[in-house]
Amino acid sequence: MATTWDADNVKTSRRAPRESAGITTTAKHAASRARRRLGPGREIPFGLQIGPALLVLAWIAGSTFGWIDPRILSAPWTVIEAFGRLIAEGRLQENFVTSATRALLGLSIGLVIGTALAVIAGLSRIGEALIDGPIQIKRAIPTLALIPLFILWFGIGESMKVTTIVLAVIIPIYIHTHNALRSIDSRYVELAETLRMSQKDFVFQVVLPGALPGFLLGLRFAVTLCWVSLVVVEQINSTSGLGYMIDLARTYGQTDVILVGLVVYVLLGLVSDGLVRLLERRVLSWRRTLAN
């Protein structure tokens, strides 16, 4: 009996490593499959263009089969004809330059002011006490609700339009940059203190790089709000700009011209957001995130 038990024990001990190796391999395959399921998967080529392309195809199909009344929504080919006509007349280029100038001026001023306020409030308790409260009050008040007051203060000229865009841009830049500054790991601060870094080196080598992801996120929101504000202010007693062109077309019932203006706004928004996303990929290429 002892001999039989010993032989069985030896056989079991010989099978154990093989079974253990098989179980380990199976577990690795299962873990690998589980890891592959968690992420969003590989990036789809031209994935961001699929949604807009489907909308355009639905528009074409609706216009072709008569499902869409042309008095409500002009056909794509009618819009293309209007596009060519406006370019030939020079109206589209003139209004585009005016709108782009207003948007870029307001965006540039808003970026500088919003970033400066966020840095001051993020690095100083006194600065936060003086700045954060008024910013939160402004955040609770829609910028477009201030337009009547701006008209009384600045009139209906360029100052009112640019000021509206600036205030719309400041809020997202400040909120996201300030939050990123306050979210910097305190260990980096302790390391900077240990290395006896100056305030200037601390700001440029620790603070600003750490706040860059939040700033770029705020920039994406700021660009969107910039174009939204521009659309509104250009429809208030303006004599030029894409918004003025759209409002004038509404007066004469020119749906195709309205759609031309909207398409230009869409293209400007998509191109602006794409440029910011490209900048984000280049500047933050060192980050390993779920997206990449």
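Counting in our numbering, the sequence shown runs from 108 upward without gaps. Just so you know, even glycine gets a beta-carbon here, dropped at the ideal spot from N, CA and C. In this text the structure is predicted, and so the values were computed from the model without any measurement.
| Asked | Found |
| --- | --- |
| The region 305–317 / the region 242–259 touching (three or more Cβ pairs under 8 angstroms) | no |
| Local conformation of residue 361 per DSSP, three classes | coil |
| For residue 342, the three-state DSSP class (helix, strand or coil) | coil |
| Contacts around residue 338, its chain only, beta-carbon distance under 6 angstroms, and the 5 residues preceding and following it disregarded | 350 |
| Same chain only: Cβ atoms within 7 angstroms of residue 366, ignoring 5 sequence neighbours per side | 181 and 186 |
| Three-state secondary structure assigned by DSSP to residue 159 | helix |
| Close beta carbons around residue 188, own chain, < 8 angstroms, minus the five adjacent residues each side | 363 |
| Among 173, 239 and 222, the one whose alpha carbon lies nearest that of residue 482 | Since the first residue of the chain shown is 108 and the last is 399, residue 482 is not available in this structure. |
| First and last residue of the uninterrupted alpha helix (DSSP H) at residue 188 | 183–196 |
| Closest Cα partner of residue 332 within the set 273, 321 and 290 | 273 |
| 4 or more residues per run - each alpha helix (DSSP H) lying fully within the region 231–280 | 232–247 and 254–261 |
| Cβ-based burial, residue 281 [other Cβ within 10 Å; buried from 16] | buried |
| Sequence-distant residues of its chain with Cβ nearer than 7 angstroms to residue 327 (five each side left out) | 380 and 383 |
| Buried or exposed by the 16-neighbour rule on C-beta atoms within 10 Å, applied to residue 244 | exposed |
| Under 8 angstroms between C-beta atoms of residue 258 and residue 267 | yes |
| DSSP-derived helix/strand/coil call for residue 149 | coil |
| Beta-carbon proximity list for residue 253, same chain, < 8 angstroms, skipping 5 on both sides | 271 and 274 |
| Nearest-angstrom Cβ-Cβ length linking residue 206 and residue 348, presumed shorter than 8 angstroms | 5 angstroms |
| Three-state secondary structure (DSSP) of residue 381 | helix |
| Simplified DSSP state of residue 289, which is helix, strand or coil | helix |
| Residue closest to residue 208, alpha-carbon to alpha-carbon, out of 269, 199 and 361 | 269 |
| Helix, strand or coil at residue 166 according to DSSP, with G and I counted as helix | helix |
| Residue range of the unbroken alpha helix (DSSP H) whose run includes residue 309 | 306–309 |
| Own chain residues within Cβ distance below 6 angstroms of residue 225, not counting five before or after | 281, 284 and 285 |
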